[in-house]
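*Asks:* In full-length UniProt numbering, the protein residues as written are 1 to 173.
Quick reminder that beta carbons are idealized off the backbone N, C-alpha and C, glycines included.
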């Protein structure tokens, strides 16, 4: 019997397969992504590049009442989502997050203007009017006076809320 030669030693490291635990984590992450898409309103979901099969599976979820049936269906959704363009989906999620941050930033900017107007009064009104010349100065000053009076008397900030609403409408946010 001829002597068998040993396999040549490969100097490169063999590619390791992901562990079973890693595969499960990835599967659960995809199912969570599916849950997120299912929880969205249809108008929000329309922004995502989803296949027809995926959209049908998402619509079908609302008809499933059984806990076990829903669990199995979510596994199916996770399986379908593997075939989707995850990079494009993540891009849409990033865009939505960026829009949310911009809205939050604008909201905080309005809060700061409101607080500054109530604290400083007319000098702040002049600065605001210089930055936003289309604003109604008279309505703004009246709301500021009412908010200052409520603050001084320790009443609930009803006029302060009205002022904020007026600022939001003025800036079209």
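1) For a quick check, are the C-beta atoms of residue 45 and residue 58 less than 9 Å apart?
2) Quick one: is the Cβ of residue 81 within less than 8 Å of any heavy atom of the ligand MN?
3) Relative to the alpha-carbon of residue 64, which residue among 47, 38, 81 and 162 has its alpha-carbon at the smallest distance?
4) Count Cβ pairs between the stretch 81 to 95 and the stretch 151 to 167 that sit closer than 8 Å; are there 3 or more?
5) Residue 159 lies in the alpha helix (DSSP H); which residues open and close that run?
6) Taking only the alpha-carbon atoms, compute the straight-line gap between residue 69 and residue 100 and give it to the nearest angstrom.
7) My guess is that residue 125 and residue 103 are in contact by the Cβ rule of under 8 Å, so how many angstroms apart are they, rounded?
8) Quick one: grab the DSSP three-state call for residue 50.
9) If you follow the alpha helix (DSSP H) that residue 176 is in, where does it begin and where does it stop?
10) For residue 33, tell me which candidate among 20, 115 and 48 has the shortest Cα-Cα distance.
*Replies:* Answer, in terms of the structure:
1) Residue numbering aside, residue 45 sits at position 45 when the chain shown is read from its first letter. Residue numbering aside, residue 58 sits at position 58 when the chain shown is read from its first letter. It is a contact, given that the beta carbons lie within the stated cut-off.
2) Absent from the structure shown: the ligand MN. Ligands present: none.
3) By one-based count along the chain shown, residue 64 stands at place 64. Among 47, 38, 81 and 162, the Cα nearest to that of residue 64 belongs to 38.
4) no
5) By 1-based counting over the chain shown, the position of residue 159 is 159. Residue 159 -> alpha helix (DSSP H) spans 158 to 170.
6) Here the question's residue 69 lines up with position 69 in the chain shown. Here the question's residue 100 lines up with position 100 in the chain shown. Cα to Cα, the separation comes out at about 34 Å.
7) Residue numbering aside, residue 125 sits at position 125 when the chain shown is read from its first letter. Residue numbering aside, residue 103 sits at position 103 when the chain shown is read from its first letter. Not a contact, Cβ separation roughly 25 Å.
8) As a working note, residue 50 is residue 50 in the chain shown. Reduced to three states, the DSSP call for residue 50 is coil.
9) For residue 176 there is no data in the structure shown, the boundaries of the chain being 1 and 173.
10) As a working note, residue 33 is residue 33 in the chain shown. Residue 33 has its Cα closest to that of 48, out of 20, 115 and 48.
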